[in-house]
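S.K.: Just so we're aligned: 343 in numbering that gives the first Met the number 0 is position 344 of the sequence shown, and the numbers increase by one with no gaps anywhere.
Please see the structure below; I have some questions.
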Amino acid sequence: MNWEQLLSLRRQGDKNKRLRNEQDETRLGFDVDYDRIIFSSAFRSLQDKTQVIPLSKTDFVHTRLTHSLEVSVVGRSLGRLAGKKIIEKHPHLKEVHGYQFNDFGGIVAAAALAHDIGNPPFGHSGEKAIGEYFKTGNGLKFRTQFTDVEYQDIIDFEGNANGFRFLTQDRAGVSGGLRLSYATLGAFMKYPKESLPKKPSKHICDKKFGFFQSEKHIFEEIAEDLGLPNRSLNGSVSYGRHPLTFLVEAADDICYTIIDFEDGINLGLISEDYALEYLIKLVKDTINTKKYNSLEYMEDRLSYLRALAINTLIQDAVSIFIEYEEQILNGKFEVSLLDKSKFKAQIEDIISLSVQKIYQSQEVVEKEIAGYTIISDILDVYINALIQKKNNNASNYHKLILQTLPGLYRETDTSLYQIVLNTCCYVASLSDSAAVHIHNKIKGRTL
């Protein structure tokens, strides 16, 4: 891989190459990417989607929206710092093509902003709930009507693939979705492979999948344009990661490690003593003990430790990225940046405690259980109504149900796979509260 190709400003539908030297410096193409994501309906819905605690009534607990904004800020810093080093190492990028270190920050910030845009309600349990409906629930009856890879798309429903679908999907009168630059889409593609084969290696690219069969063509077009290494075997589609994806991933890892931990302390699920024991191990070389001891309130002490911890991990991640740049460009780097961190033990300790005290807390578990029922019931009602319409057997009830679906999801003049996938994507687009509201409506609990 080479940086000039990886920093592609091309968008879906472009006939000619977009040159960095010809960009308007007041609003670069990568800035346009960021703006389009911010103003999208899917991004707005993140304000009411679970990050840690589903349907939390507490103001300071993070939602997917605040988490995404914070990941974007951290990603921008990672991109700028790494970009400065890369420009110094490859001066032709600036001298010949006009790239600046801020371009790297812009790409990573935009991709990081969108990194959770395809996630269903109720956190990662929402993904599992969609999959379980087709694996063990009423959706199992469709198994024989899908190809193996189509069925895998559904039973392992993946927020990353749904995000890529939203960002790139054609709609009536709107081609190419948000029409983001290929550089930003490349950085967004965390797992650049289709759903089968499942985990064919221990390479981080193979951990999950990044696109549904419906977006296979545009995925391949973007991967080829960027010059991503082709890792396809036996007819399956798989590519190596865009190098900046490692920085997007690091930004997410840093934020959920530190900030979810902070949420747990603020909620009283983790005692402040743990903050001292765990976070100070990360910041012992940079902490100003006098300043820390002068902070009277727990929130201020936590904020100070959090800021130091995030900065520490940012600097460490950039150092690793630059150290392994050649391996990353050759597609040979097989783990996340933080897996190489000198703070790996401390990070694992924090995550382990968060899993025990936060992610598996009674409040989270109870709401995730409710989420399974809600998602399963909504899928059942809408898929059945759509199939009855396709078969010209729709009752008045089915017709009424379909009137509550947005127009984008009512199409039945297509394959069963597309109908089912569209419905899954509709459910994934719902916020936590909207899913609860729709469930109450279709079950006749509220009018």
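Cβ coordinates follow ideal geometry from the N, Cα and C atoms, glycine included.
Output needed for V236: all residues of its chain with C-beta closer than 6 Å, excluding positions within five of it in sequence on either side, in chain order.
M.R.: Hits under 6 Å: E193.
S.K.: Taking only the alpha-carbon atoms, compute the straight-line gap between E21 and K331 and give it to the nearest angstrom.
M.R.: Each residue's Cα considered, the two are about 33 Å apart.
S.K.: How many Å lie between A41 and N118 at the Cα?
M.R.: Straight-line Cα distance between these residues: approximately 10 Å.
S.K.: Comparing alpha-carbon positions, which option in I418, E223, T244 and D169 lies nearest K4?
M.R.: The identity of residue 4 in the sequence shown is Gln, whereas the question assumes Lys. It is E223.
S.K.: Run through the stretch 371-433 for me and flag every whole beta strand (DSSP E) of 3 or more residues, listed as ranges in chain order.
M.R.: Counting whole runs of 3 or more residues, the stretch 371-433 contains no beta strand (DSSP E) stretch at all.
S.K.: Which of the three DSSP states is assigned to Y273 in this structure?
M.R.: Residue state, collapsed to three classes: helix.
S.K.: In the structure shown, what three-state DSSP assignment does T65 receive?
M.R.: Correct three-state label for T65: helix.
S.K.: Would you mind stating whether I106 and F29 have Cβ atoms separated by less than 8 Å?
M.R.: Yes. Within cutoff.
S.K.: With 16 other CB atoms within 10 Å as the buried threshold, where does P90 fall?
M.R.: Label assigned to P90: exposed.
S.K.: Along the alpha helix (DSSP H) that carries R305, what are the first and last residues, could you check?
M.R.: Where R305 is concerned, the enclosing alpha helix (DSSP H) stretches over M297 to E322.
S.K.: Measuring CB to CB, does I382 end up less than 8 Å from T422?
M.R.: Yes, these two residues count as a Cβ contact at 8 Å.
S.K.: I'd like the list of long-range same chain contacts for I203, defined as Cβ closer than 7 Å, with 5 residues on each side in sequence excluded.
M.R.: Contacts found: E333, V334 and S335.
S.K.: Write down every uninterrupted run of the alpha helix (DSSP H) in the stretch 150-196 whose length is 4 residues or greater and which is fully enclosed by it, in chain order.
M.R.: The qualifying runs are 158-167 and 181-187.
S.K.: According to DSSP, simplified to helix, strand and coil, what is Y98?
M.R.: Looking at Y98 - three-state DSSP - the assignment turns out to be coil, as it is neither helix nor strand.
S.K.: So what's T25 in DSSP terms, helix, strand or just coil?
M.R.: Coil, per DSSP.
S.K.: Quick one: is A306 buried, meaning 16 or more other Cβ sit within 10 Å of its Cβ, or exposed?
M.R.: The residue in question, A306, is exposed, as its Cβ has fewer than 16 Cβ neighbours within 10 Å.
S.K.: Do the stretch 163-178 and the stretch 223-234 meet, that is, are 3 or more Cβ pairs less than 8 Å apart?
M.R.: Output reads no: the stretch 223-234 does not touch the stretch 163-178.
S.K.: Quick check: is any heavy atom of the ligand GDP less than 7 Å from the C-beta of E367?
M.R.: Looking at this structure, you won't find the ligand GDP or any other ligand, since it has none at all.
S.K.: Considering only residues of the same chain and omitting the five flanking positions on each side of Y408, which have a CB-CB separation below 6 Å?
M.R.: If we look at Y408 and ignore the five residues flanking it on each side, its Cβ neighbours are N421 and Y425.
S.K.: Would you mind giving the Cβ-Cβ distance between G104 and G82, rounded to the nearest angstrom? I have them listed as a contact below 8 Å.
M.R.: At roughly 6 Å, the Cβ-Cβ gap stays under 8 Å, so G104 and G82 are in contact.
S.K.: Let me know the secondary structure DSSP gives N1 once reduced to three states.
M.R.: In this structure, N1 counts as coil in the three-state DSSP scheme.
S.K.: Go ahead and pull the three-state DSSP assignment for N20.
M.R.: Residue state, collapsed to three classes: helix.
S.K.: For S237, which three-state DSSP category applies?
M.R.: Looking at S237 - three-state DSSP - the assignment turns out to be strand.
S.K.: Going by C-alpha to C-alpha distance, which of F210, S231, Y181 and H216 sits closest to P199?
M.R.: Cα-wise, what sits closest to P199 is S231.
S.K.: Specify whether the stretch 65-73 and the stretch 144-152 touch according to this definition: at least 3 beta carbon pairs, one from each stretch, less than 8 Å apart.
M.R.: The answer is no - the stretch 144-152 does not touch the stretch 65-73, with fewer than three Cβ pairs under 8 Å.
S.K.: Helix, strand or coil: which one does DSSP assign to T464?
M.R.: Residue 464 lies beyond the range of the chain shown here (0 to 446); nothing can be said about it.
S.K.: Here's the rule: buried if 16 or more other CB atoms are within 10 angstroms of the residue's CB, otherwise exposed. What is T25?
M.R.: Exposed, since its Cβ has fewer than 16 Cβ neighbours within 10 Å.
S.K.: Among the candidates S270, Q359 and I116, whose CA atom is the shortest distance from the CA of G162?
M.R.: Nearest C-alpha to G162: I116.
S.K.: How is the alpha helix (DSSP H) around V334 delimited, first residue to last?
M.R.: V334 -> no alpha helix (DSSP H), and no H or E assigned at all.
S.K.: With a threshold of 7 Å on Cβ separation, who are the neighbours of V467 within its own chain once the five nearest residues in sequence on each side are excluded?
M.R.: With the chain running from 0 to 446 in the structure shown, residue 467 is simply not present.
S.K.: On a Cα-Cα basis, can you pick out the residue from L328, L275, D284 and P196 that is closest to L301?
M.R.: Answer by Cα proximity: L275.
S.K.: Here's the rule: buried if 16 or more other CB atoms are within 10 angstroms of the residue's CB, otherwise exposed. What is F171?
M.R.: Note that residue 171 is Ala in the sequence shown here, rather than Phe. Exposed.
S.K.: My guess is that Y33 and A109 are in contact by the Cβ rule of under 8 Å, so how many angstroms apart are they, rounded?
M.R.: Correct: roughly 4 Å between the Cβ atoms.
S.K.: Within the chosen definition, does the stretch 378-398 reach the stretch 129-144 through at least 3 CB pairs nearer than 8 Å?
M.R.: Yes: the two stretches touch, three or more of their Cβ pairs being nearer than 8 Å.
S.K.: Could you tell me which residues DSSP puts in a beta bridge with N229?
M.R.: Bridge partners of N229: Y238.
S.K.: Taking the C-alpha atoms as reference points, what is the distance between Q99 and L80?
M.R.: Approximately 11 Å, taken between the alpha carbons.
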